[in-house]
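There are 2 protein chains.
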Amino acid sequence: MKFTLTLFGTHPLSKPSPENFGAIETLAKAARDNGFDMVWAGQHYLVTHFQKFQPIPALSRVSAYTGNMYLNITDLIPLNHPVRLAEELASMDAMTGGRMVLTAALGYADHEFASFGVPKSERLARFLEAVEVIKRLWTEDTVTFKGRFFTLDGVTMNPKPVQKPRPPIWMTADNSKGVIRTARHGDVWLMSSHNRIAELKELVALYEEHRGAGRQDFHDIGISRPLMRVTFIAPTLKEAIDEARPHIEKFWRDYYGTMNQASEMNSTDDFSQPFEKLWQDRFLLADPSRCVEEIARYREELGIDCLHFNLSGALEQQLRSIKLLSTKVFPRFR
Amino acid sequence: MKFTLTLFGTHPLSKPSPENFGAIETLAKAARDNGFDMVWAGQHYLVTHFQKFQPIPALSRVSAYTGNMYLNITDLIPLNHPVRLAEELASMDAMTGGRMVLTAALGYADHEFASFGVPKSERLARFLEAVEVIKRLWTEDTVTFKGRFFTLDGVTMNPKPVQKPRPPIWMTADNSKGVIRTARHGDVWLMSSHNRIAELKELVALYEEHRGAGRQDFHDIGISRPLMRVTFIAPTLKEAIDEARPHIEKFWRDYYGTMNQASEMNSTDDFSQPFEKLWQDRFLLADPSRCVEEIARYREELGIDCLHFNLSGALEQQLRSIKLLSTKVFPRFR
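Quick look at the structure:
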């Protein structure tokens with residue numbers, strides 16, 4: 001079982017940005033020193049309620065002290081040019097000695113598509129075409145491509161990525177369409193933190209059905225079935241719930257409320273429901289022994305080989321979660 | 001007088017990319033330890049004769065050990081989206097505590113415009129509009145913008161840059177049109193390494209004429225008139241010329257030969273001319289005492305307050321140039 005960590009999500013507007021970035025560096029070093037296998041960062045643009053750092057510069061910076069951990073960079077693919085992204089990620093693969101992973105995201109927030117001048121109706125077609133271009137630039141010496149959005153005429157990219165045949169491409173998905181798309185076009189499906197386990201169980205069956213006989217799991221870095229969970233670990237379950245609540249409740253209501261995230265899911269699982277109902281079977285709020293049981297259950301019910309922790313709470317609370325995971329949870333799975 | 005350094009340009013295809021990137025890290029640390037004030041990197045895409053790293057991830061990575069040096073990131077503005085660039089550079093300003101500078105480049109290579117689907121005829125209009133959007137996103141809380149290429153409807157960027165009112169925007173220019181554009185729209189003109197000093201002298205007069213009464217020099221980081229020179233310093237002038245020649249001659253012939261760079265300049269100063277003629281008054285090939293004389297001449301003739309070194313040669317030769325500059329040249333100007 002591998003264990004990975006969301007290195008940064010959002011940061012308070014009230015603090016200077018260098019202080020917020022310093023917290024990222026502290027977390028990165030704690031992850032390195034406590035046995036995590038990878039750090040990950042999401043992407044959004046023009047965020048109003050928080051500070052949010054851009055994953056390519058931020059993860060490039062922390063790569064100077066993340067040791068052997070992999071770096072997983074999310075990019076909103078329909079809003080970027082695949083030549084730029086393919087080149088930047090190849091540079092990151094060089095600087096990390098081949099430890100770069102891409103999470104190719106489709107995007108959903110209306111203000112982002114509007115600000116980039118990309119019709120949301122084109123997002124899927126752009127996404128699929130861009131992923132194809134990136135794969136070809138990473139693996140072929142001379143690329144000629146005539147698509148609906150992108151045209152390349154005998155071009156070559158140097159350097160190519162260090163990883164052969166190429167770095168893994170993860171995709172996030174929290175509904176049937178996304179899961180089928182990931183089964184067909186992605187290397188690895190990062191199971192979303194939005195869904196309850198019960199809902200994911202149905203999506204895993206769908207994934208396997210559409211993965212088909214021709215597609216092997218992509219095992220190059222030892223992760224083929226990762227599950228993301230919003231997590232808060234404390235000495236007791238009551239502390240975990242009570243301390244996590246103010247952070248999670250506000251974030252899901254304010255942030256996802258402005259982003260239309262819930263509307264993408266299969267279920268009518270509105271994120272504005274009362275916290276007592278919202279968290280059940282969705283967030284990993286636990287003491288260490290409950291955490292061990294939950295991970296064992298996820299492995300049995302979903303077949304996961306990686307738990308991806310999206311830790312809630314202030315920096316000190318996240319560092320406590322990391323320490324409890326490292327000392328009381330990870331040893332049970334290694 | 002400030003002294004700045006091109007941290008990376010191009011790297012041999014024959015070496016693994018992590019080894020080429022390691023040379024960048026070695027140079028960055030040498031620059032930091034030898035009194036340089038800033039490191040800089042250019043940008044190109046889809047380069048065939050060399051490996052070339054992308055400046056945002058590469059400079060973000062080296063920022064972990066560049067101490068108090070500024071980082072100057074070149075971006076081919078017409079090929080990028082200003083929202084993405086403004087956000088990525090603000091993240092870099094946070095992680096460096098306010099030491100990020102942008103060199104806004106217009107671009108010239110046909111294959112780059114074709115591969116990004118941007119008509120070269122639009123490059124200037126896109127450049128000017130994107131620079132305006134970046135300035136507004138960096139300084140205004142809510143940005144509404146309706147341009148020919150970009151539309152923003154009441155959006156906000158967080159975090160804003162650390163530097164107030166905003167980070168400096170440099171522009172490169174090696175011909176009259178570019179110099180007039182820089183005088184009008186840029187904060188700082190980086191005088192090009194392509195031109196001979198005699199030609200630059202005429203361009204400086206043009207810059208000052210068009211800078212006009214309303215535009216103060218942008219002094220925030222103590223550099224307002226930087227000059228870039230391709231440089232090779234050796235114990236004797238003969239060694240400098242003989243050792244630099246194979247590196248410079250091949251690079252200018254092969255690389256610029258494929259890029260149409262020379263065609264942008266005012267003069268008919270073809271880069272394929274014999275080396276003995278090519279280097280005179282253009283490249284800074286020198287022993288330390290000639291180097292001191294040349295910098296003093298540039299200061300007198302062009303009014304520079306910063307010499308930007310684009311060092312030629314293998315890594316060991318570049319490190320020798322750095323050591324000779326640090327011990328025998330810099331002390332004469334500080």
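From first to last, the protein sequence lines are chains W and B. Numbered according to this note's numbering, the first sequence spans residues 1 to 334. Numbered according to this note's numbering, the second sequence spans residues 1 to 334. Cβ atoms here follow ideal geometry from the backbone N, Cα and C, with glycine treated the same way.
Sequence-distant residues of its chain with Cβ nearer than 6 angstroms to residue i (five each side left out)
| i | result |
| --- | --- |
| PHE333(B) | MET1 |
| ALA23(W) | LEU315 |
| GLY303(B) | ARG225 |
| MET38(W) | THR4, MET69, TYR70 and ASN72 |
| TYR45(W) | GLU112 |
| LEU203(B) | VAL179 |
| GLY67(B) | ARG32 |
Cut-off 7 angstroms between Cβ atoms - residues of its own chain near residue i, not counting five sequence neighbours on either side
| i | result |
| --- | --- |
| THR144(B) | LEU152, ASP153 and GLY154 |
| VAL162(B) | ASP93, ALA94, GLY97 and GLY98 |
| SER192(B) | THR172, ALA173, ASP174 and MET228 |
| PRO288(W) | ILE233, LEU324, LYS328 and VAL329 |
Where the beta strand (DSSP E) containing residue i begins and where it ends
| i | result |
| --- | --- |
| ILE169(B) | 169-173 |
| PHE116(W) | First-last for PHE116(W): undefined, no H or E at that position. |
| TYR108(W) | Run containing TYR108(W): none; DSSP gives neither H nor E here. |
| THR231(W) | 226-233 |
| ALA41(B) | 38-41 |
| LEU71(B) | 70-76 |
| PHE275(B) | From DSSP, PHE275(B) is part of no beta strand (DSSP E) but of the alpha helix (DSSP H) over 275-278. |
Residue-chain proximity (residue i, chain B), Cβ-Cβ < 8 angstroms
| i | result |
| --- | --- |
| LEU237(W) | no |
| LEU315(W) | no |
| VAL39(W) | no |
| PHE50(W) | yes |
| ILE56(W) | yes |
| SER60(W) | yes |
| ALA114(W) | yes |
| GLY117(W) | yes |
| MET191(W) | no |
| LEU200(W) | no |
| LEU311(W) | no |
The alpha helix (DSSP H) enclosing residue i, as first and last residue numbers
| i | result |
| --- | --- |
| ILE180(W) | 176-185 |
| MET95(B) | 82-95 |
| VAL133(W) | 123-139 |
| THR26(B) | 17-33 |
| PHE271(W) | Run containing PHE271(W): none; DSSP gives neither H nor E here. |
| VAL188(W) | From DSSP, VAL188(W) is part of no alpha helix (DSSP H) but of the beta strand (DSSP E) over 188-191. |
| ALA361(W) | A query on residue 361(W) cannot be resolved here, the shown segment of chain W reaching from 1 to 334 and no further. |
Euclidean distance between Cα positions of residue i and residue j
| i | j | result |
| --- | --- | --- |
| LEU13(B) | PHE21(B) | 12 angstroms |
| ARG148(B) | GLU129(B) | 8 angstroms |
| GLU88(B) | THR96(B) | 12 angstroms |
| GLU209(W) | ARG290(W) | 32 angstroms |
| THR48(B) | PRO82(W) | 18 angstroms |
| ILE221(B) | ASP220(W) | 46 angstroms |
| THR172(W) | ALA94(B) | 28 angstroms |
| THR327(W) | ASP33(W) | 12 angstroms |
| GLU140(W) | ALA105(B) | 29 angstroms |
| ILE322(W) | SER272(W) | 28 angstroms |
| ASN158(B) | ALA64(B) | 22 angstroms |
| ARG184(W) | ARG211(W) | 6 angstroms |
| GLU132(B) | ALA90(B) | 15 angstroms |
| ASP174(W) | SER121(W) | 19 angstroms |
| LEU190(W) | ILE223(W) | 10 angstroms |
| ILE295(W) | LEU76(B) | 47 angstroms |
| LYS15(W) | VAL230(W) | 23 angstroms |
| THR6(B) | LEU307(B) | 11 angstroms |
Check: residue i C-beta below 7 angstroms from any heavy atom of the ligand ADP
| i | result |
| --- | --- |
| ARG225(W) | With respect to the ligand ADP, the structure offers nothing, as it holds no ligand at all. |
Chain-order list of residues whose beta-carbon lies under 8 angstroms from that of residue i (same chain, five-residue window excluded)
| i | result |
| --- | --- |
| PHE275(B) | ARG245, ILE248 and GLU249 |
| ASP242(B) | none |
Cutoff 8 angstroms: residue i Cβ touching any chain W Cβ
| i | result |
| --- | --- |
| VAL228(B) | A small correction: the amino acid at residue 228(B) is Met; Val does not occupy that position in the sequence shown. So no, MET228(B) is outside the interface. |
| ASP110(B) | no |
| PHE21(B) | yes |
| GLU88(B) | yes |
| ASP153(B) | yes |
| ARG166(B) | no |
| ARG84(B) | yes |
| PRO246(B) | no |
| VAL292(B) | no |
| LEU7(B) | no |
| THR72(B) | Here residue 72(B) is Asn; the residue named in the question, Thr, does not match the sequence. By this cut-off, ASN72(B) is not an interface position. |
Which parts of the stretch 296-328 of chain B are runs of the beta strand (DSSP E), unbroken and 3 residues or longer, counting only runs that do not cross its ends? Counting only runs of 3 or more, we get 306-311.
Contiguous beta strand (DSSP E) assignments of at least 3 residues, all confined to the stretch 137-162 of chain B: Runs of the beta strand (DSSP E) lying entirely within the stretch 137-162 of chain B, each at least 3 residues long, are 143-146 and 151-155 in chain order.
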